[in-house]
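Heads up, the thing below is written out as structure tokens.
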Amino acid sequence: MIAEQQQFNEMLQDIATSLDISPSNYKLAIDHYKAVKKHLERGLYPRPEIYCQGSFRLGTVVRPFKEDKEAEYDIDLVCQIPIAKESTTAKKLKQVVGDKLKEDASYDNMLDEEGRRCWTLEYAKDKDGIGFHMDVLPSIPMSDSGRLILKGRLPNAEYYKHAIEITDLDKKNQVYSWPDGGSNPEGFAQWFDDVKKIRTPNYMELSLKQKLAIFENTLDPKGQRIFEKIDELEPLVRTPLQQAIQILKRHRDICFKNNSDNKPISMIITTLCARFYEKEPDVFTALINIIQKISDFAQYIGPGFKFSENVRESQNMINSLQSYNPIIDKPIYKLNGKWWIPNPVNPAENFAERWDYEKAKAFFEWLGKLELSFDLALQQKGLDKVANILRPIFNDRVVTNAFIKTAERKRTGLNNKTIKTTILTGILSTEGNTKNIKHTFHC
Amino acid sequence: MDSIKENLEFHARSLRLSFPNAECSIGGQTLTWRGKLTPDCLCRTYDVEIEYKAFEWPIVRVSPIGMEIPAIKSEIHMFKDGSLCLYNNDNREWNPNMTLAKSIVPWICEWLYFYEIWLVTRKWLG
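Sequences listed follow chains A and B, in order. Sequential numbering from 1 applies to the first sequence in our numbering. Sequential numbering from 1001 applies to the second sequence in our numbering.
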């Protein structure tokens, strides 16, 4: 990486951290989660299994961006009651969980109108304006025969074991049903964890370093550590793969704010990033490579489609997209004119089910825009000019916070002499050759 | 008189050695250095001038072309006359025996970097 890219990479890391939930807010979210878990476990029979799913589970949390401003964090829980499908109905299952939540007066107050698949609890904002939405997803384990079908599709993996049945409410007709194929958030999360741990260079070292830093530096107002054990911080470790996903998700939220019909779903972003991530040691290179690999598929939009203003030749042209073979299981393919982005733990489920020409085009154009912004930012001379390119694509607060973090790191590096001045040019970096003498900007 | 000349020569030698591309001249009792400094690869390159009268506080100015300066200059550690405030005189953080090249110039680089950070965040984080 050239020096500009290295600096830019640090900024992207700081942007990802600014998008993320802070360790102290994570603690707050976990406390809310544990309370709901306890309440549901105590009151439902047979005792349900309660676990996190979605971005909290995957470590790809991004503060949502709705109606042109940052909104509450979403925490997604699965409430899985170990009963057979034959012994209940979708309506009954949904209502049992809803009724249990309503039994508690404060949860009853926090409950939103019934959702299609979930019950949503709204936690009031704290003094910093941080609030939470907690989605509780009623479910039951998938039947043995259902799991066998999933196993047949991915014979060498164990992910199928976590498949569940969920409920769906058709609000207009007030009809409840079990969606075909169920869902498998935990199987997907385990697949993602496997990819992350296998492909992140020196995962154990990176993870320990981050956990220690969070453990030591997250303090309450009295200066006491708020976490008791280092091990409980594993969900806060962020690899370049996770940060790449966080950056793409926020860029998507902003890019599609006036075009929500074509907004790519997070499952597509997460799946494709994990599939195309190949041991890149930093978020900048990871993002550039992932975008590059995805863009190769843009040719299937049709003749004349330009991925971005940058003229670039395809590197990994895939020729055999037409011959679908679920065993080969490609990340993206087109079959009989239909786009496919298969769920890695259930290749018969298509995350691109709703993709038509418009959606596919919007998806590739979006990635092209991000790549172009990065190219532009790297050509700037002036941190304020770099910031002006990043503000509209990530939002003001995030960019300002990221630059504060970058500056604080520079200050610390200068103080402990890891960052020095390069005589001849003046560049302050770890490559510098003259230690900066201690001083204070005084007036 | 000799000690003045000696002190100016002392500073000029190290400045010329460290920054062979910059201008460095001594006229009477004053050393003037004009060079270009870039504090970070994504930052601008600034024209910087140091004016040093032997045994006095060096005066540092940055070329103002296109620069945004707040109404209250001290917000960015700038004196009213537009020169930079780089250290604490009261604490003797700088004295004439410290080479300008290895004390003042690195501090100017810091100032330039944190000035650009100020442009983004409106906070002085130096």
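C-beta: ideal position from N, C-alpha, C; glycine also. Here the structure is a predicted model, which means the values were calculated and not measured.
Q) Residues of chain B with a CB under 7 angstroms from the CB of A/Val386: which are they? A) Chain-order list of chain B residues neighbouring A/Val386: Leu1042, by C-beta distance under 7 angstroms.
Q | Straight-line gap, A/Val61 to B/Ile1108 (C-alpha atoms, nearest Å) | A | Taking the straight line from one Cα to the other gives about 40 angstroms.
(Q) Tell me which residues share the same chain as A/Ala71 and place their Cβ nearer than 6 angstroms to its Cβ, disregarding the 5 neighbours each side in the sequence. (A) Taken in chain order, the residues that qualify are Pro64.
Q) Considering only the beta carbon of each residue, do A/Gln53 and A/Asp76 sit closer than 8 angstroms? A) Cβ distance < 8 angstroms, so A/Gln53 and A/Asp76 count as in contact.
Q: Quick one: which unbroken beta strand (DSSP E) runs of 3-plus residues sit fully inside the region 167-252 of chain A? Chain order, please.
A: With a minimum length of 3 residues, the continuous beta strand (DSSP E) runs that stay inside the region 167-252 of chain A are 168-170, 175-177.
(Q) Using only the alpha-carbon positions, how far apart do A/Asn319 and A/Tyr300 sit? (A) With a pLDDT of 34 at A/Asn319, under the threshold of 50, the modelled position of that residue is not reliable, and the figure given next carries that caveat. Approximately 11 angstroms, taken between the alpha carbons.
Q) Is it the case that the Cβ atoms of A/Ile140 and A/Leu93 are separated by a distance below 8 angstroms? A) Yes. Within cutoff.
(Q) So, with DSSP's three-state summary, where would you put A/Glu54? (A) Checking the sequence, you will find Gly at residue 54 of chain A rather than Glu. Helix at A/Gly54.
Q: Taking C-beta pairs closer than 9 angstroms, name the residues in chain A that B/Ser1074 reaches, listed in chain order.
A: Listed along the chain, the chain A residues whose CB falls inside 9 angstroms of the CB of B/Ser1074 are Cys443.
Q) Do A/Ala352 and A/Trp366 have their C-beta atoms closer together than 8 angstroms? A) Contact: no.
Q. Roughly how many whole angstroms lie between the Cα atoms of A/Val136 and A/Met267?
A. Taking the straight line joining both Cα atoms gives about 18 angstroms.
Q.
If you follow the alpha helix (DSSP H) that A/Lys102 is in, where does it begin and where does it stop?
A. Looking at the DSSP string, the run of the alpha helix (DSSP H) that includes A/Lys102 is 90-103.
Q. Do A/Pro179 and A/Ile166 have their C-beta atoms closer together than 8 angstroms?
A. Yes, these two residues count as a Cβ contact at 8 angstroms.
Q: Note down, in chain order, every chain B residue with its Cβ under 8 angstroms from the Cβ of A/Ala3.
A: Those are Cys1041, listed as they occur along chain B.
**Q.** Short CB-CB distance (under 8 angstroms) between A/His39 and chain B
**A.** Closer than 8 angstroms: no.
Q. Under the rule that 16 or more other beta-carbon atoms within 10 Å means buried, what is A/Ser207, buried or exposed?
A. A/Ser207 counts as buried, since no fewer than 16 other beta carbons sit within 10 angstroms of its beta carbon.
Q. Excluding the five sequence neighbours on either side, which residues of its own chain have a C-beta within less than 7 angstroms of the C-beta of A/Tyr324, listed in chain order?
A. Because the pLDDT at A/Tyr324 is just 35, under 50, the model does not fix this residue reliably, and the value given afterwards should be weighed accordingly. These residues qualify, in order along the chain: Tyr333, Leu335.
Q: Could you spell out the range, first to last residue, of the alpha helix (DSSP H) harbouring A/His133?
A: Run containing A/His133: none in the alpha helix (DSSP H); it sits in the beta strand (DSSP E), 132-141.
Q) Closest to B/Trp1057 by CA distance: which of B/Leu1015, B/Ile1026, B/Asp1002, B/Trp1094 is it? A) Out of B/Leu1015, B/Ile1026, B/Asp1002, B/Trp1094, B/Trp1094 has the C-alpha closest to the C-alpha of B/Trp1057.
(Q) Contact between the region 233-242 of chain A and the region 281-288 of chain A is defined here as three or more beta-carbon pairs at a separation below 8 angstroms; is this criterion met? (A) In this structure the region 233-242 of chain A touches the region 281-288 of chain A; the number of beta carbon pairs closer than 8 angstroms is three or more.
Q. Which one of A/Ala213, A/Arg391, A/Thr422, A/Gly223 has the shortest CA to CA distance from A/Lys69?
A. When only C-alpha atoms are compared, the closest one is A/Arg391.
Q. Does B/Ile1026 have its Cβ less than 8 angstroms from a Cβ in chain A?
A. No, B/Ile1026 lies away from the interface with chain A (no Cβ there is under 8 angstroms from its Cβ).
Q: Taking only beta-carbon positions, decide if B/Glu1110 is within less than 8 angstroms of chain A.
A: B/Glu1110 counts as touching chain A.
Q) According to the neighbour-count rule (16 or more other Cβ atoms, all chains shown, within 10 Å of its Cβ), is A/Gln379 buried or exposed? A) A/Gln379 comes out exposed.
(Q) Looking at B/Ile1104: is its Cβ nearer than 8 angstroms to the Cβ of B/Ile1050? (A) In this structure, B/Ile1104 sits near B/Ile1050, with a CB-CB distance shorter than 8 angstroms.
Q) Can we say the region 342-351 of chain A touches the region 269-283 of chain A, given the rule of at least three CB pairs closer than 8 angstroms? A) The answer is yes - the region 269-283 of chain A touches the region 342-351 of chain A, with three or more Cβ pairs under 8 angstroms.
Q) Does the count of Cβ pairs from the region 425-439 of chain A and the region 39-54 of chain A closer than 8 angstroms reach three? A) The region 425-439 of chain A vs the region 39-54 of chain A: no contact.
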